[in-house]
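Report on the structure given below.
Protein chains: 2
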Amino acid sequence: MNLIVTGTVSIDTVQTPSGEEREGILGGSCTYFAAAASQYGPVRLVAAVGDDFPDEHRDTLAKFPNIDAAGLETRAGSKTFRWGGKYMDNMDERETLFTELGVLDEAPPEIPESFADSECVFLANSHPMVQMDLLSKLPKARFVVADTMDLWISIARDELKQLLGKVTGLVLNYEEAEMYAGVRNPVTAGLKMLEDGPEFVVIKKGEHGAILVHREGLAALPAYPTETVVDPTGAGDTFAGGMMAHIAKTGDTSIHGIRRAMAHGTIIASFTIESFSLDRLAGLKSDEIADRYATFSNMLALG
Amino acid sequence: MNLIVTGTVSIDTVQTPSGEEREGILGGSCTYFAAAASQYGPVRLVAAVGDDFPDEHRDTLAKFPNIDAAGLETRAGSKTFRWGGKYMDNMDERETLFTELGVLDEAPPEIPESFADSECVFLANSHPMVQMDLLSKLPKARFVVADTMDLWISIARDELKQLLGKVTGLVLNYEEAEMYAGVRNPVTAGLKMLEDGPEFVVIKKGEHGAILVHREGLAALPAYPTETVVDPTGAGDTFAGGMMAHIAKTGDTSIHGIRRAMAHGTIIASFTIESFSLDRLAGLKSDEIADRYATFSNMLALG
Chain Y
3 MNLIVTGTVS IDTVQTPSGE EREGILGGSC TYFAAAASQY GPVRLVAAVG
53 DDFPDEHRDT LAKFPNIDAA GLETRAGSKT FRWGGKYMDN MDERETLFTE
103 LGVLDEAPPE IPESFADSEC VFLANSHPMV QMDLLSKLPK ARFVVADTMD
153 LWISIARDEL KQLLGKVTGL VLNYEEAEMY AGVRNPVTAG LKMLEDGPEF
203 VVIKKGEHGA ILVHREGLAA LPAYPTETVV DPTGAGDTFA GGMMAHIAKT
253 GDTSIHGIRR AMAHGTIIAS FTIESFSLDR LAGLKSDEIA DRYATFSNML
303 ALG
Chain V
3 MNLIVTGTVS IDTVQTPSGE EREGILGGSC TYFAAAASQY GPVRLVAAVG
53 DDFPDEHRDT LAKFPNIDAA GLETRAGSKT FRWGGKYMDN MDERETLFTE
103 LGVLDEAPPE IPESFADSEC VFLANSHPMV QMDLLSKLPK ARFVVADTMD
153 LWISIARDEL KQLLGKVTGL VLNYEEAEMY AGVRNPVTAG LKMLEDGPEF
203 VVIKKGEHGA ILVHREGLAA LPAYPTETVV DPTGAGDTFA GGMMAHIAKT
253 GDTSIHGIRR AMAHGTIIAS FTIESFSLDR LAGLKSDEIA DRYATFSNML
303 ALG
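Here it is in structure tokens:
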């Protein structure tokens with residue numbers, strides 16, 4: 003299946019508990035997703051940036067030959083979305099230091115004609131109305147997964163519920179699933195969300211892995227255990243990128259296919275957090291992914 | 003290997019978020035551990051109770067034919083350890099409402115002569131000096147695992163470190179591992195603990211599963227995903243009971259043996275939390291364990 007991702011390309015400032023700080027680095031949900039997905043095959047990127055978007059970041063994206071950036075729209079007179087965040091001691095909690103919406107406060111990006119036949123769609127976190135608008139322009143979409151966040155559950159709950167009726171799956175954080183469903187058990191929360199339409203919900207738990215609540219059953223995976231956590235930014239988006247790209251590549255949309263795809267997402271995310279921005283993913287070799295996937299698979303083999 | 007457990011047999015009062023409360027129910031680390039271990043084979047129990055220990059609780063223990071309670075010492079004029087706890091909304095946090103130490107404030111229980119040849123030893127949570135004292139009376143011990151808690155890390159750190167030099171493995175909670183090691187990553191924390199002597203550390207994360215940090219590698223397992231959580235009391239002790247009993251039964255003390263044993267612990271714990279006290283374990287059938295283990299194993303099979 004042709005894979006497409008819509009979302010943000012941003013300029014980030016990140017502070018980690020070790021006191022390290024990086025200013026003006028390449029970030030954004032689309033960026034991380036596409037860099038991860040590109041390890042498995044082609045991925046189409048749809049996002050808008052302002053004319054302040056540095057050439058250096060364009061060059062970084064160009065290092066990923068599988069990313070088709072024909073959908074990266076540069077708007078004259080507009081500003082690129084900027085985000086600043088600071089991680090707490092445990093690396094699983096973070097504080098947003100600032101957000102400058104820029105292009106996010108304008109019309110959604112255009113989807114190029116050449117992307118119109120996309121079948122496998124990831125709608126990265128955005129207002130559910132924007133997600134539905136983008137989806138409506140992809141008539142061939144047949145495996146659609148959306149991400150969301152607490153903000154939309156609070157201020158756009160009805161629209162989010164409407165979106166759930168249009169997607170195959172939803173990806174969201176643990177606390178967000180419980181917030182949407184109003185219950186304190188992730189399985190119960192996921193099952194409640196299925197009532198609103200999707201075939202499955204993937205509940206992300208950061209360092210504690212992820213849970214799959216699917217119409218045909220449940221699954222759970224730990225995170226890949228590691229000492230190396232430099233910057234967790236993008237872990238969730240690269241998890242989704244590895245997962246969706248594996249599904250797009252294999253075409254296996256069964257619960258088992260999604261489960262294995264989640265394991266690939268887990269592995270890609272474990273590389274992402276080893277350095278800032280796309281630094282680790284840029285040089286990543288398919289052997290490294292295969293080796294770590296094999297280690298993970300052996301670690302979980304109980305038969 | 004002959005399996006023995008030392009620890010507490012208690013009378014508990016438990017409040018759950020649903021508003022349910024049970025007063026005076028059978029609890030204690032030894033009780034839960036032994037009830038879980040008994041699903042796999044014989045287990046020897048060493049603990050002290052007062053003469054207030056009800057016959058009804060003795061009858062419950064007697065329902066587990068694999069539990070050898072020759073080491074359950076009843077002290078005239080003493081009081082059984084009593085604990086009261088209240089679970090918060092998420093079932094993973096709890097507040098201790100009261101503790102009445104009773105026999106725990108007296109000399110450790112005696113180990114019967116008939117238990118002296120025990121090889122596989124679980125020292126459930128207790129002051130590390132008590133754990134070392136009990137271990138010193140088991141000359142055939144060759145696979146020894148201890149549990150501990152934040153209290154001993156705070157007030158008996160040196161003794162706990164000494165204990166680490168005498169055990170094969172340690173089982174403790176996530177926050178406790180980080181507290182002992184003074185670092186915020188469970189893998190780093192576990193590796194630091196290995197420097198004090200044990201071959202492995204099992205870090206329990208409640209609803210998020212467990213991590214194995216072993217001299218020969220790492221592993222991680224999720225918890226069994228379930229909607230049915232009535233009372234989490236005893237989950238950690240039954241996890242340890244399933245794990246140790248599986249090792250005692252198979253004799254496989256390799257990292258892979260421990261990993262599979264942890265999966266059995268995970269499954270037994272998932273039954274424990276389905277009801278109060280030993281209610282679910284009392285009627286548990288080996289088929290039920292095998293079925294759930296197979297489901298768990300399939301859920302994690304990535305090959």
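As given, the protein sequences belong to chains Y and V, one line each in that order.
Per my numbering, the very first residue in the first sequence carries number 3; after that it's consecutive.
Per my numbering, the very first residue in the second sequence carries number 3; after that it's consecutive.
Ideal Cβ positions, reconstructed from N, Cα and C, are used throughout, including at glycine.
Contact set between residue i and chain V, taken where Cβ atoms lie within less than 7 Å
i        : result
Y/Phe273 : None at all; the shortest Cβ gap to chain V is about 16 Å.
Y/Ala292 : Result: empty, since nearest Cβ-Cβ is about 12 Å, beyond 7 Å.
Y/Met3   : Near Y/Met3 there are no residues of chain V at all, since even the closest Cβ is about 21 Å away, more than 7 Å.
Partners in chain V for residue i, counting only beta-carbon separations shorter than 8 Å
i        : result
Y/Asp152 : The contacting residues do not exist; Y/Asp152 stays about 17 Å from chain V at best.
Y/Asp306 : A query on residue 306 of chain Y cannot be resolved here, the shown segment of chain Y reaching from 3 to 305 and no further.
Y/Phe298 : Leu304
Y/Ala143 : Residues of chain V passing the Cβ test: none, with the nearest at roughly 28 Å.
Nearest-angstrom Cα separation, counted from residue j out to residue i
i        : j        : result
V/Leu280 : V/Ile113 : 24 Å
Y/Gly30  : Y/Phe278 : 13 Å
V/Ser156 : V/Thr150 : 11 Å
Y/Ala296 : V/Pro111 : 47 Å
V/Ala240 : Y/Asp107 : Before going on, a small fix: residue 240 of chain V reads as Thr here, not Ala. If I take the Cα positions, the gap works out to 53 Å.
V/Gly21  : V/Glu209 : 21 Å
V/Tyr176 : Y/Leu172 : 29 Å
Y/Ala72  : Y/Thr10  : 14 Å
Y/Thr228 : Y/Arg282 : 15 Å
Y/Gly238 : Y/Val16  : 16 Å
V/Asp289 : Y/His216 : 25 Å
V/Ala36  : Y/Gly285 : 51 Å
Y/Gly236 : V/Trp154 : 38 Å
Y/Gly199 : Y/Gln164 : 9 Å
Y/Ile213 : V/Val105 : 43 Å
Y/Thr8   : Y/Ala126 : 6 Å
Y/Thr33  : Y/Arg96  : 20 Å
V/Val123 : V/Ala179 : 21 Å
V/His266 : V/His248 : 7 Å
Y/Arg60  : V/Leu223 : 40 Å
V/Lys142 : V/Ala49  : 19 Å
Y/Lys81  : Y/His129 : 19 Å
V/Ala148 : V/Gly244 : 14 Å
Y/Arg261 : V/Ala292 : 22 Å
V/Ala303 : Y/Val204 : 18 Å
Residue i classed as buried or exposed, judged by whether at least 16 other C-beta atoms fall within 10 angstroms
i        : result
V/Ser116 : exposed
Y/Asp57  : exposed
V/Leu99  : exposed
V/Thr101 : exposed
Y/Ala109 : exposed
Y/Ser120 : buried
V/Met1   : With chain V represented from 3 up to 305, any question about residue 1 of chain V goes unanswered, as that position is not in the structure.
V/Met90  : exposed
Y/Ser138 : exposed
Y/Lys287 : exposed
V/Pro19  : exposed
Interface flag, residue i vs chain B, CB-CB below 8 Å
i        : result
V/Leu174 : Annotation note: the requested chain B is absent from the structure, which comprises protein chains Y and V.
Residues bridged to residue i (per DSSP)
i        : result
Y/Lys206 : Y/Asn175, Y/Ala212
V/Glu102 : V/Arg84
V/Gln17  : V/Glu23, V/Lys88
V/Ser12  : V/Gly29, V/Phe83
V/Glu75  : V/Ala50
V/Gly219 : V/His216
V/Arg96  : V/Tyr89
V/Ile6   : V/Arg46, V/Val123
V/Asp149 : V/Val173
Where residue i meets chain Y, residues with beta-carbon distance less than 7 Å
i       : result
V/Ala38 : Chain Y residues near V/Ala38: none, gap ~18 Å exceeds 7 Å.
Residue i beta carbon near the ligand SAH (any heavy atom closer than 7 Å)
i        : result
Y/Val105 : Looking for the ligand SAH in the displayed structure turns up nothing, as the structure carries no ligands at all.
Interface residues of chain V facing residue i [CB-CB closer than 9 Å]
i      : result
Y/Ala1 : The requested residue 1 of chain Y does not occur in the structure, where chain Y is confined to residues 3 to 305.
Query - Selection of the segment 7 to 21 of chain V by Cβ proximity to chain Y, strictly under 8 Å - result: Pro19
Query raised in the report: Which residues, taken in chain order from the segment 247 to 271 of chain Y, show a beta carbon closer than 8 Å to some beta carbon of chain V?
Result: Arg261, Arg262, Ala265
Query raised in the report: Between the segment 180 to 214 of chain Y and chain V, which residues of the former have CB atoms less than 7 Å from a CB of the latter, in chain order?
Result: Arg186, Asn187, Val189, Thr190, Lys207, His210, Gly211, Ile213
Query - chain Y contacts from the segment 224 to 244 of chain V (Cβ-Cβ distance under 8 Å) - result: Pro224, Ala225, Tyr226, Pro227, Thr228, Glu229, Val231
**Report entry** Interfacial residues, the segment 129 to 141 of chain Y to chain V, with Cβ spacing under 7 Å
**Finding:** none
Query raised in the report: Along the segment 39 to 58 of chain Y, what residues have a CB closer than 8 Å to any CB found in chain V?
Result: none
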